[in-house]
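K.L.:
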Amino acid sequence: MPTFNQEVHAARKALRKKALPEETASLFMVELSQLDRTDLYLHYDEEMPKELLEAYRSGMARILKEEPMQYVLGFSWFYGYRFEVDERVLIPRPETEELVANILIEMDEHFADQKTIQVVDIGTGSGAIAISVAKEEPKVIMMATDISEAAIEVAKKNAKNLEANIEFAVGDLLQPLIERQRKVDFLICNPPYIPQEEALENSVKNYEPHVALFGGEDGLKFYRQLFEEALKVLNTKAIMAFEIGYNQKSALMAEVEKVFPTAQAEVLKDINGKDRMLIVRFL
Ligand code: SAM
Ligand code: GLN
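Take the sequence shown: its letters are residues 1 to 283, numbered as in the numbering used here.
(1) Rounded to the nearest angstrom, how far is the Cβ of Leu213 from that of Cys189, given a contact under 8 Å?
(2) For Asp39, which three-state DSSP category applies?
(3) From Lys365 to Pro49, what distance separates their C-alpha atoms?
(4) Can you give me the start and stop residues for the alpha helix (DSSP H) that Ala241 sits inside?
(5) Would Arg88 and Val170 qualify as a contact pair, given that the criterion is a beta-carbon distance under 8 Å?
(6) Compute every distance between the C-beta of Val204 and the non-hydrogen atoms of the ligand GLN, then say whether any falls below 7 Å.
(7) Below 7 Å, is the gap between the Cβ of Pro191 and the nearest heavy atom of the ligand GLN?
(8) Restricting to Cα atoms, I'd like to know which of Thr3, Val120, Arg276 is closest to Ala130.
(9) If you count every other CB in all the chains shown that lies within 10 Å of the CB of Ile271, and 16 or more means buried, which is it?
(10) Determine the direct distance from the alpha carbon of Asn161 to that of Thr38, and round the result to whole angstroms.
(11) Can you find the residues in the same chain that come closer than 7 Å, C-beta to C-beta, to Ala128, ignoring five residues on each side of it along the sequence?
(12) What residues in its chain sit with their C-beta under 6 Å from that of Glu67, if we drop five residues either side in the sequence?
(13) Any idea if Ile239 is buried or exposed, counting beta-carbon neighbours within 10 angstroms, 16 or more meaning buried?
(14) Anyone know if the C-beta pair for Val30 and Leu40 falls short of 8 Å?
(15) May I ask which residues mark the beginning and end of the beta strand (DSSP E) holding Thr285?
(16) Could you pull out every residue in the same chain whose Cβ sits closer than 7 Å to the Cβ of Glu331, ignoring the five residues on either side in sequence?
(17) By the three-class DSSP mapping on this structure, what secondary structure does Val184 have?
(18) Can you list, in chain order, the stretches of the beta strand (DSSP E) that have 3 or more residues and sit fully within the segment 59 to 140?
(19) If you measure between the beta carbons of Val184 and Val233, is that distance less than 8 Å?
(20) Given the structure, does Arg88 come close to the ligand GLN, in the sense that its CB is under 7 Å from one of the ligand's heavy atoms?
(21) Going by the C-beta, is Ser148 closer than 7 Å to any heavy atom of the ligand GTP?
(22) Roughly how many whole angstroms lie between the Cα atoms of Glu201 and Met143?
(23) Quick one: residues in its chain with C-beta nearer than 8 Å to the C-beta of Gly216, no 5 flanking neighbours on either side, listed in chain order?
(24) Along the beta strand (DSSP E) that carries Met306, what are the first and last residues, could you check?
(25) My understanding is that Ile147 touches Phe168, with C-beta atoms under 8 Å, so please give their C-beta distance in whole angstroms.
(26) Applying the 10 Å Cβ sphere with the 16-neighbour rule, what's the burial state of Gln70?
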């Protein structure tokens, strides 16, 4: 049997040949072996157990076909929680963890005097945002929706695994709330925002659900639709928080000023310095 070191080395070489990120070789080994990095280094010169070697090789074969590592593993880490993911849902992104962090800050700053905070996460996908926010802020009463019934099945499983109490609904944007005459203090949405014609990496384009990615011709379709009906579902004092594309700030700020002239709006950058989050406050 090859050692851990030899096997990771061979995988790096195969990835390099296809111009794919080489770090995936060791990241995949860490997650698959359930050893943390330090433990893995300690075992580096030992022979790999047969079963692990087989799993690593068959997984790497899929990764070399550009399937995302998280689908191969069947899970993804988000905000310190382990979410099950498969082709039915978008893999939650690190930028979105920053959205969660900022939502929690907004709640502390603006809803500290309320006993409960009514929240909805529109387009919940794996449930990453809804579940993390509900776990981190016990005052939250969370509803999560998606137009994809298959995605809601995944989100329900994650809520169960992570012991989060969430009300799920399938439906188009705000429709589930309007039907139930439900009003919220906080509306969260990471909509599909990629322009229809934009070129994407193979790992995204060939494996992730297109219903989770594309937001019409300019990527802004879902924001416009949400803005149009938002006041039907928001309490008088309310906040909306969206993830946005790095180049959508000025178009979205113009849209917000037009539709909500009295609201307070702000775009926040992610750690890479890219415009990434839009906060709209009705205070
Ligand atoms: N919230 C998850 C996250 O941040 O990882 C997934 C976000 S993904 C970019 C967008 C989600 O919106 C997908 O799960 C997709 O199924 C859902 N979606 C697309 N169109 C929708 C619509 N008209 N109404 C509700 N959800 C929709
Ligand atoms: N960040 C994702 C990507 O670049 C897109 C997520 C979205 O459209 N909300 O693939």
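For glycine and all other residues, C-beta sits at the position ideal for the given N, C-alpha and C.
P.N.:
Working from what's here:
(1) That pair is no contact at about 15 Å.
(2) helix
(3) As displayed, the chain neither begins before 1 nor continues past 283, which places residue 365 out of reach and without an answer.
(4) Unbroken run through Ala241 is the beta strand (DSSP E), 234 to 243; no alpha helix (DSSP H).
(5) For Arg88 and Val170, no; Cβs fall outside 8 Å.
(6) At least one heavy atom of the ligand GLN lies less than 7 Å from the C-beta of Val204.
(7) yes
(8) Val120
(9) exposed
(10) Each residue's Cα considered, the two are about 28 Å apart.
(11) Phe78, Phe83, Pro92, Thr96
(12) Tyr207
(13) buried
(14) Yes, they are a contact pair.
(15) This structure leaves residue 285 out entirely; the chain is present only between 1 and 283.
(16) Nothing can be reported for residue 331, as the shown portion of the chain is limited to 1 through 283.
(17) strand
(18) 75 to 78, 81 to 84, 117 to 122
(19) yes
(20) no
(21) Questions concerning the ligand GTP fall outside what the structure shown contains, since the ligands it does hold are the ligand SAM and the ligand GLN.
(22) 32 Å
(23) Pro195, Gln196, Phe222
(24) No information on residue 306 is available, as it lies outside the stretch 1 to 283 that the chain covers here.
(25) Incorrect: roughly 13 Å between the Cβ atoms, too far for contact.
(26) buried
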